[in-house]
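One structure below.
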Amino acid sequence: MKTALVCGAGGFIGGHLVKRLKDEGYWVRGVDLKAHEFSKLPADEFIIGDLREQTIVRRVVDRPFDEVYQLAADMGGAGYIFTGNHDADVMHNSATINLNMAEQARLAGVKKLFYSSSACMYPAYNQEDPDNPKCSEESAYPAAPDSEYGWEKLFSERLYLAYNRNYGMEVRVARFHNIFGPQGTWRGGKEKAPAAMCRKVAEAENGGEIEIWGDGKQTRSFLYIDECLEGVRRLMQGNFLGPVNIGSEEMVTINQLAGLAMEIAGKKLSIKHIDGPLGVRGRNSDNKLLREKLAWEPAMRLREGMTRTYSWISKKVEAAKTEEVPA
Ligand code: NAD
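Structural data, given as structure tokens:
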């Protein structure tokens, strides 16, 4: 039986990955600072632990796992990453996790390690035109990410690739572009645009109003979680190290994303544009290298992914209405 370790298993992508690996017949150990918020995971073992601590990392990476998935990171949506208020934590916490993990994976003889980088590492200067953002893999340099989160991702992808060059450690690196779906953070400040949009629309009365940060003309693409995992699994099974984009090429404006959520909900709402943290003006995945190296690309339309996500979040919103409000 193949063995896998999922770091960040208590999070959105990690939780889904644990389920997928169990479905594929793996023995799975998960590790996270916290248990999964929304579901009881089928992991064979789940360790609650802080990967910034070397003693914990030694305990967690105590054998030559066939596959390690390093997803643990101090992260959140624009409200967390782009305000600047968490920069030191984001850099220190995530870099410490990655430094610890790379070294211990080498010492334990881990056979293959996956690292989740982010599209946030691409240079801001290529993402100023919302209609023509450039995010091909080779456009990463000269580096100029617009957030410290992006800089840390760039550092850590280089770290794992250096372990590959110097120690022959098998690594795979993907740059995720806005992954979304059910069982992700949907409130509290760390949620990302699709979840925030679904929540706002679900909470609004028909004919009411929702707030959107900025003018809503900034562009992004969003990839449904199942497609993300398919890409990750294919990358792990193939010979290409990466970095490679795992994202969707279906670019929309944030206003269009809001319109889609309203259509799915069957509500007509007006949009109030307010000041807020935004990130780059335009971003879209470029899947040329993905198609070339993995002979695959995601196919699910944004509407389908949003329909599934709205269905899950609207139930959460309903349930929250009857939650006990602390005095
Ligand atoms: P998430 O925040 O839901 O999951 C990350 C998990 O890491 C959390 O459960 C958190 O508790 C855990 N963690 C943080 N610090 C830790 C520590 N010191 N020790 C142990 N666990 C710790 O985020 P996600 O959306 O599931 O993202 C997973 C990975 O993919 C992250 O590395 C993220 O940067 C990357 N990524 C995600 C997206 C996206 O759109 N979701 C896009 C690009 C990259």
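Residues in the sequence shown are numbered consecutively from 12, following my numbering.
Backbone N, C-alpha and C fix where the C-beta goes; we use that ideal spot for every residue, glycine too.
Being a predicted model, the structure only gives us computed values, none of them experimental.
Using DSSP bridges, identify the partner residues of V17.
Answer is G41 and Y80.
Could you give the first and the last residue of the continuous beta strand (DSSP E) run that contains Y126?
L124 to S129
Below 7 Å, is the gap between the Cβ of N21 and the nearest heavy atom of the ligand NAD?
According to the sequence shown, residue 21 is Gly rather than Asn. Yes, since a heavy atom of the ligand NAD falls inside the 7 Å radius drawn around the Cβ of G21.
Any idea if T230 is buried or exposed, counting beta-carbon neighbours within 10 angstroms, 16 or more meaning buried?
buried
So, at 7 Å on beta carbons, what are the nonlocal neighbours of A338 in its own chain, with the 5 sequence-adjacent residues on each side left out?
In this predicted model, A338 has a pLDDT of only 49, less than 50, meaning its place in the structure is not dependable; the value taken from the coordinates is given anyway. Here the set comprises nothing.
Around the C-beta of G25, are 16 or more other C-beta atoms found within 10 angstroms, so that it is buried, or is it exposed?
Buried, because 16 or more other Cβ atoms sit within 10 Å of the Cβ of G25.
Any heavy atom of the ligand NAD closer than 7 Å to the CB of L124?
no
Below 8 Å CB to CB, which residues in the same chain sit around P156 once its five sequence neighbours on both sides are set aside?
Closer than 8 Å at the Cβ level, and outside the excluded window around P156, lie C131, M132, Y133, P134, A135, W162, K164 and L165.
Compute the beta-carbon to beta-carbon distance between W307 and R245, rounded to the nearest angstrom, for a pair I have assumed lies under 8 Å.
6 Å
Between L280 and the ligand NAD, is the CB less than 7 Å from at least one heavy atom?
no
Does the beta carbon of T196 fall short of 7 Å from some heavy atom of the ligand NAD?
T196 Cβ: within cutoff of the ligand NAD.
CA-CA distance, V101 and G218?
39 Å
Rounded to the nearest angstrom, how far is the Cβ of G253 from that of A331, given a contact under 8 Å?
Rounded to whole angstroms, the Cβ separation of G253 and A331 is 39 Å, and the two are not in contact under 8 Å.
Assess contact between the region 256 to 269 and the region 224 to 242, defined as three or more Cβ pairs (one per stretch) separated by less than 8 Å. Is contact present?
The region 224 to 242 and the region 256 to 269 touch, with three or more beta-carbon pairs separated by less than 8 Å.
Quick one: what does DSSP say N175 is sitting in, helix, strand or coil?
helix
So the candidates are A84, L289, K299 and V29; which of them puts its Cα closest to the Cα of Q138?
Looking at the Cα atoms, L289 is the closest of the given residues.
Check whether the Cβ of F49 sits closer than 7 Å to any heavy atom of the ligand NAD, and report yes or no.
Not under cutoff, so the answer is no.
Give the single residue among S147, S158, L28 and A269 whose Cα lies nearest to the Cα of G225.
A269
Let me confirm a value: K326 is counted as buried when at least 16 other C-beta atoms fall within 10 Å, else exposed. Which label applies?
exposed
Between the Cα of L271 and those of T320, N250 and P309, spot the shortest distance and give me the residue it belongs to.
T320
Does the beta-carbon distance from F76 to S127 come in below 8 Å?
no
Using C-beta distances below 6 Å, list every residue in its chain close to E222, excluding the 5 sequence neighbours before and after it, in chain order.
K283 and I285
Taking the C-alpha atoms as reference points, what is the distance between L110 and N298?
29 Å
Where E78 and N96 are concerned, what is the direct C-alpha to C-alpha distance, given to the nearest angstrom?
35 Å
Count the other CB atoms within 10 Å of the CB of D43; is the residue buried (16 or more) or exposed (fewer)?
buried
For W307, does the three-state DSSP call read helix, strand or coil?
coil
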